[in-house]
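Colleague:
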DNA sequence: ATGATTATTTACCATTTGGTAAAAGATTGA
DNA sequence: TCAATCTTTTACCAAATGGTAAATAATCAT
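Protein chains in written order, with my numbering: chain P, 54 to 240; chain S, 54 to 240.
1) What is the DSSP secondary structure of residue 132(S), counted as helix, strand or coil?
2) Please decide whether residue 197(S) counts as near chain P, where near means a Cβ-Cβ distance under 8 Å.
3) Under 8 Å: do the stretch 78 to 92 of chain S and the stretch 160 to 175 of chain P share three or more Cβ pairs, one atom per stretch?
4) Specify, as a first and last residue, the run of the beta strand (DSSP E) that residue 117(S) falls within.
5) Could you check what DSSP says for residue 67(S) in three-state terms: helix, strand or coil?
6) How would you write the range of the beta strand (DSSP E) that residue 104(S) sits in, first residue to last?
7) In the stretch 110 to 126 of chain S, which residues sit with their C-beta less than 7 Å from some C-beta in chain P, listed in chain order?
8) May I ask you to report which of helix, strand or coil DSSP gives residue 95(P)?
9) Which bits of chain P does residue 173(S) rub up against, with CB to CB less than 8 Å?
10) Since residue 134(P) meets chain S, which of its residues come closer than 7 Å, beta carbon to beta carbon?
11) When we look at the beta-carbon of residue 106(S) and count the other beta-carbons within 10 Å, is it buried (16 or more) or exposed?
12) Check whether the stretch 139 to 148 of chain S touches the stretch 193 to 202 of chain P, counting contact only when three or more Cβ pairs, one atom from each stretch, lie closer than 8 Å.
13) Quick one: residues in its chain with C-beta nearer than 8 Å to the C-beta of residue 239(P), no 5 flanking neighbours on either side, listed in chain order?
14) Give the interface partners of residue 180(S) over in chain P, defined as CB-CB distance under 7 Å, in chain order.
15) To which residues does DSSP link residue 225(P) through a beta bridge?
16) In whole angstroms, what separates the C-alpha of residue 185(S) from that of residue 116(P)?
17) One question on the structure: do residue 220(P) and residue 194(P) come within less than 8 Å of each other, judged by their Cβ atoms?
18) Using beta-carbon positions only, say whether residue 157(S) and residue 78(S) come within less than 8 Å of one another.
19) Looking at residue 224(P) and residue 64(P), is the spacing between their C-beta atoms short of 8 Å?
20) I'd like to confirm the pairing. Which residues does DSSP put opposite residue 83(P) in its beta bridges?
21) By DSSP's criteria, residue 248(S) is part of a beta bridge. Which residues make up the other side?
22) Give the range of the alpha helix (DSSP H) segment to which residue 160(S) is assigned.
23) If you run the structure through DSSP and keep just helix, strand and coil, what is residue 114(S)?
24) Any Cβ of chain S within less than 8 Å of the Cβ of residue 87(P)?
25) With the cut-off set at 8 Å, would you say residue 57(P) and residue 102(P) are in Cβ contact?
26) To the nearest angstrom, report how far apart residue 208(S) and residue 137(P) are at their CA atoms.
27) Rounded to whole angstroms, what is the Cα-Cα separation between residue 130(P) and residue 104(P)?
28) Residue 234(P): buried (16+ other C-beta within 10 angstroms of its C-beta) or exposed?
29) Give the residues of chain S in contact with residue 146(P), contact being defined as C-beta atoms less than 7 Å apart.
30) Would you call residue 80(P) buried or exposed, if buried means 16 or more other Cβ atoms sit within 10 Å of its Cβ?
31) Within 10 angstroms of its Cβ, does residue 113(P) collect 16 or more other Cβ (buried), or is it exposed?
32) Which residues in chain P sit within 7 Å of residue 220(S), going by Cβ to Cβ distance?
33) Report the neighbours of residue 192(P) on chain S: residues whose CB is nearer than 9 Å to its CB, in chain order.
34) When you compare the CB of residue 227(P) with every CB in chain S, is at least one pair closer than 8 Å?
35) Strictly below 9 Å CB to CB, what residues from chain P border residue 137(S)?
36) If the criterion is Cβ atoms closer than 8 Å, does the pair residue 96(S) and residue 140(S) meet it?
Given below as structure tokens:
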């Protein structure tokens, strides 16, 4: 919980009262490898903060899997499209390892945002960071060329690289695992 | 200006005082076709609301152009990465037609967000919408297959389709204009 | 209107990536 | 340890897209 608060304060300081109330609303849960933090078609009702572990957020289309992002320790995230609109999610979140998360319920967060201006600011910053990251990802995919994208990922995610399977990385890059295997050996 | 306020209130109601102050801080400017609303390497210091016209937001990499999004009438936008962090932008915004925009300065908006909780909420919603749209775009590009992506764009942007050149649409889809021409004729 | 410029189409071949299949390697559980 | 399972690599050919170039069509400025 300490990590969560530290992380939160880091990009937008919360008043003590707001921070305390946030903590009071937080719960902790552990998911085993392969378990789903968010099931397809369900509304995403939580913010997640990973204390330990690794997850992937992905969707299935035509029986093929596509990975939007990986989330590891000390990251606060959610399936924004579903969370923000409280409509069924196209995206699935799965634990790739045994994963412990701190959870904040959507309704609680909404109440906190209404009650505390600083919480609204905090949440705005959170969404802003997500937007910036997504912008970057769009740029990368557009420029495509799987080899370049692979190298970019390797450089920027060295700490979780060894924990991600070749197959999952291929699904993130939007290529087959055969192609990725080819790329890896060509270097 | 009426359109701007109407648009703003639509996704998050503003208190009268806040709305008035927002309007007081707004200015209007017209850009000729080909002129830049945001120059490369410059910090994006405004929110833009298009009263009339069409723009593209793009970047150049290895002498190739990639288009992130098109923005047309009654859309509120900015180069989020640069605007939110107030750092130089990799993205360029160009008017594709004579374009009239209502401008809100970053500093003014920050002040308004600090002063009015409802303005912070409004801005949070704005960024949220951007995030959801970007999520969708990432999904689409990942699933790729240029033909499908082209058809999706056509279906969802029928009102601006005729105003966008084949070359620009290709740069949005991340393929060459020759490929897009091929796709178009194959139908 | 006319020449100049810009946008689009077509053609050809090279390169990248996909699909299918199978082999090799690594991991897991009894 | 050994079989079963899962992951990664390799191979082969097909399909999609890129690069270059040139022809055609459309638009613009004088």
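Idealized CB from N, CA, C, for every residue including glycine.
Modeller: The relevant details are as follows:
1) The residue labelled residue 132(S) in the question sits at position 79 within the second chain. Residue 132(S): coil per DSSP, three-state reduction.
2) Position 144 of the second chain, counting from 1, holds the residue named residue 197(S). It does: the Cβ of residue 197(S) has a partner Cβ on chain P nearer than 8 Å.
3) No, the stretch 78 to 92 of chain S is not in contact with the stretch 160 to 175 of chain P.
4) Stepping through the second chain from its first residue, residue 117(S) is reached at position 64. For residue 117(S), the uninterrupted beta strand (DSSP E) segment begins and ends at 117 to 125.
5) Within the second chain, the letter at position 14 stands for residue 67(S). For residue 67(S), the secondary structure class from DSSP, reduced to helix, strand or coil, is coil.
6) Position 51 of the second chain, counted from the start, is the residue given in the question as residue 104(S). In the DSSP assignment, residue 104(S) falls within the beta strand (DSSP E) that extends over 99 to 105.
7) Of all residues in the stretch 110 to 126 of chain S, the ones placed with a Cβ closer than 7 Å to any Cβ belonging to chain P are 112, 114, 119 and 121, in chain order.
8) Mapped onto the first chain, residue 95(P) falls at position 42. Residue state, collapsed to three classes: coil.
9) If you number the second chain from 1, residue 173(S) lands on position 120. Result: 170, 173, 174 and 177.
10) Residue numbering aside, residue 134(P) sits at position 81 when the first chain is read from its first letter. Within 7 Å Cβ-Cβ: 185 and 188.
11) Within the second chain, the letter at position 53 stands for residue 106(S). Taking all protein chains shown into account, residue 106(S) has 16 or more neighbouring C-beta atoms within 10 Å of its C-beta and is therefore buried.
12) They do not touch, by the three-pair rule.
13) Working through the first chain from its first residue, we reach residue 239(P) at position 186. Listed in chain order, the non-local C-beta contacts of residue 239(P) below 8 Å within the same chain comprise 200, local neighbours out to five positions each way being set aside.
14) Here residue 180(S) refers to the residue found at position 127 when the second chain is read from its first residue. What residue 180(S) touches in chain P: 177, 180, 181 and 184.
15) Along the first chain, read from residue 1 onward, the residue named residue 225(P) stands at position 172. Its beta-bridge partners do not exist; DSSP assigns none.
16) Working through the second chain from its first residue, we reach residue 185(S) at position 132. Working through the first chain from its first residue, we reach residue 116(P) at position 63. Taking the straight line joining both Cα atoms gives about 23 Å.
17) One-based indexing of the first chain puts residue 220(P) at position 167. One-based indexing of the first chain puts residue 194(P) at position 141. No, Cβ-Cβ distance for residue 220(P) and residue 194(P) is not below 8 Å.
18) As a working mapping, residue 157(S) is identified with position 104 in the second chain. As a working mapping, residue 78(S) is identified with position 25 in the second chain. A distance below 8 Å separates the beta carbons of residue 157(S) and residue 78(S).
19) The residue labelled residue 64(P) in the question sits at position 11 within the first chain. The residue labelled residue 224(P) in the question sits at position 171 within the first chain. The Cβ-Cβ distance between residue 64(P) and residue 224(P) does not fall below 8 Å.
20) Here residue 83(P) refers to the residue found at position 30 of the first chain. According to DSSP, residue pairing for residue 83(P) in a beta bridge involves 153(P).
21) One cannot answer for residue 248(S) here, as it falls past the ends of chain S, which runs 54 to 240.
22) Translated into the one-based positions of the second chain, residue 160(S) becomes position 107. That run of the alpha helix (DSSP H) goes 159 to 168.
23) Indexing the second chain from 1 puts residue 114(S) at position 61. Of the three classes helix, strand and coil, the one that applies to residue 114(S) here is strand, per DSSP.
24) What you label residue 87(P) is simply residue 34 of the first chain in a count that begins at 1. With 8 Å as the cut-off, residue 87(P) does not count as an interface residue toward chain S.
25) On the first chain, position 4 is the one that residue 57(P) refers to. On the first chain, position 49 is the one that residue 102(P) refers to. Yes.
26) Translated into the one-based positions of the second chain, residue 208(S) becomes position 155. Translated into the one-based positions of the first chain, residue 137(P) becomes position 84. For residue 208(S) and residue 137(P), the distance between alpha carbons rounds to 25 Å.
27) Position 77 of the first chain holds residue 130(P). Position 51 of the first chain holds residue 104(P). When only Cα atoms are considered, residue 130(P) and residue 104(P) end up about 12 Å apart.
28) Taking the first chain and counting its residues from 1, one reaches residue 234(P) at position 181. Label assigned to residue 234(P): exposed.
29) Walking along the first chain from the start, residue 146(P) turns up at place 93. From the beta-carbon of residue 146(P), no residue of chain S is found nearer than 7 Å; the closest lies around 13 Å away.
30) Residue 80(P) sits at position 27 when you count from the first residue of the first chain. Residue 80(P) sits exposed, since fewer than 16 C-beta atoms from the chains shown fall within 10 Å of its C-beta.
31) Translated into positions along the first chain, residue 113(P) becomes position 60. It counts as exposed.
32) Position 167 of the second chain, counting from 1, holds the residue named residue 220(S). Chain P residues near residue 220(S): none, gap ~15 Å exceeds 7 Å.
33) Taking the first chain and counting its residues from 1, one reaches residue 192(P) at position 139. Per Cβ cutoff of 9 Å: 112, 114, 119, 121, 143 and 144.
34) If you number the first chain from 1, residue 227(P) lands on position 174. Yes, its Cβ sits closer than 8 Å to a Cβ of chain S.
35) Here residue 137(S) refers to the residue found at position 84 of the second chain. Chain P residues near residue 137(S): 178, 181, 182, 184 and 185.
36) Taking the second chain and counting its residues from 1, one reaches residue 96(S) at position 43. Taking the second chain and counting its residues from 1, one reaches residue 140(S) at position 87. Yes. Within cutoff.
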